[in-house]
Amino acid sequence: EPEVTQTPSHQVTQMGQEVILRCVPISNHLYFYWYRQILGQKVEFLVSFYNNEISEKSEIFDDQFSVERPDGSNFTLKIRSTKLEDSAMYFCASRDRGTMNTEAFFGQGTRLTVV
Amino acid sequence: GENVEQHPSTLSVQEGDSAVIKCTYSDSASNYFPWYKQELGKRPQLIIDIRSNVGEKKDQRIAVTLNKTAKHFSLHITETQPEDSAVYFCAASIGYNFNKFYFGSGTKLNVKP
Chain A
2 EPEVTQTPSH QVTQMGQEVI LRCVPISNHL YFYWYRQILG QKVEFLVSFY NNEISEKSEI
62 FDDQFSVERP DGSNFTLKIR STKLEDSAMY FCASRDRGTM NTEAFFGQGT RLTVV
Chain B
1005 GENVEQHPST LSVQEGDSAV IKCTYSDSAS NYFPWYKQEL GKRPQLIIDI RSNVGEKKDQ
1065 RIAVTLNKTA KHFSLHITET QPEDSAVYFC AASIGYNFNK FYFGSGTKLN VKP
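The listed protein sequences correspond, in order, to chains A and B.
So the first sequence is residues 2 to 116, counted in my numbering.
So the second sequence is residues 1005 to 1117, counted in my numbering.
Right, dumping it as structure tokens:
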């Protein structure tokens, strides 16, 4: 069964450093998402991406965040200058086209620790 | 924006008993409600979902009910088994593009053998 794949599974970075979290969505999917979950808190929406542009973003997704689909398979989340409060589990998800295909398939997550 | 509240945060049941997890939402425009199961160290996986034009949906031992008037929806698991032990998340989505999901805080279900 096709899966969304995220790398790395765990990333430790120093405050102020840039990080890139990588995701390979399911190949025929057209909608891509990033969510994050701070330990003990809710899963929070960050951004959705369709047709090579951001379709929606949350207040969390400020100028420090960016997303890119650099080729036909990868979908990346970049945090330019990490803060301690960026420490969280980051989930990538993808969805097929059409209003009948509602299921979002999640990756296994990248645990980001900012020290 | 939408706010989804989920209760209880932890639930412990004996194998064979039923488990019910409840969620409320705030925005009456929400029209799609998925439930995800996340086993320890694994990805969240969709187990059942319901659209706002339906009041109930069942899939074997799992059912979801939706009360649009009261703005709440519930997950029902019957004849629980130890492999049902996991964290369950409810979510709500507004609109027909499903651009984002608002998640509940999760319920850790423990099924004791």
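Glycine included, C-beta positions come from ideal geometry on N, C-alpha and C.
Asked                                                                                                                                                             : Found
Given this structure, state the Cα-to-Cα distance separating residue 1058 of chain B from residue 1007 of chain B, to the nearest angstrom.                       : 21 angstroms
For the beta strand (DSSP E) that contains residue 1063 of chain B, what are its first and last residues?                                                         : 1060-1063
Can you tell which of A:60, A:90, A:69 has the C-alpha that lies nearest to the C-alpha of residue 54 of chain A?                                                 : A:69
Here's the rule I'm using: 16 or more other beta-carbon atoms within 10 Å means buried, otherwise exposed. How should residue 108 of chain A be labelled?         : buried
Check whether the stretch 1104-1117 of chain B and the stretch 1013-1023 of chain B are in contact - that is, three or more C-beta pairs closer than 8 angstroms. : yes
For a minimum of 3 consecutive residues, which ranges assigned as the beta strand (DSSP E) are wholly contained in the stretch 1026-1102 of chain B?              : 1034-1042, 1049-1055, 1060-1063, 1066-1071, 1076-1081, 1090-1098
Buried or exposed: residue 37 of chain A, going by 16 or more other Cβ atoms within 10 Å of its Cβ?                                                               : buried
Of the residues that make up the stretch 1043-1057 of chain B, which ones have a beta carbon closer than 7 angstroms to any beta carbon in chain A?               : 1046, 1047, 1048, 1050, 1053
Tell me whether the beta-carbon of residue 113 of chain A lies closer than 8 angstroms to the beta-carbon of residue 20 of chain A.                               : yes
For residue 110 of chain A, count the other beta carbons within 10 Å of its own beta carbon; 16 or more makes it buried, fewer makes it exposed. Which is it?     : buried
Listed in chain order, which residues of the stretch 48-62 of chain A have Cβ atoms closer than 7 angstroms to some Cβ of chain B?                                : 49, 56, 57
Mind checking if residue 12 of chain A is an interface residue toward chain B, Cβ cutoff 8 angstroms exclusive?                                                   : no
Candidates B:1035, B:1051, B:1043: which alpha carbon is nearest residue 1081 of chain B's?                                                                       : B:1051
Does any CB atom of chain A fall closer than 8 angstroms to the CB of residue 1093 of chain B?                                                                    : yes
In the DSSP assignment, the beta strand (DSSP E) including residue 89 of chain A goes from what residue to what residue?                                          : 89-96
So if I threshold CB-CB distances at 9 angstroms, which residues from the stretch 1096-1116 of chain B count as touching chain A?                                 : 1097, 1100, 1101, 1102, 1103, 1104, 1105, 1106, 1107, 1108, 1109, 1110
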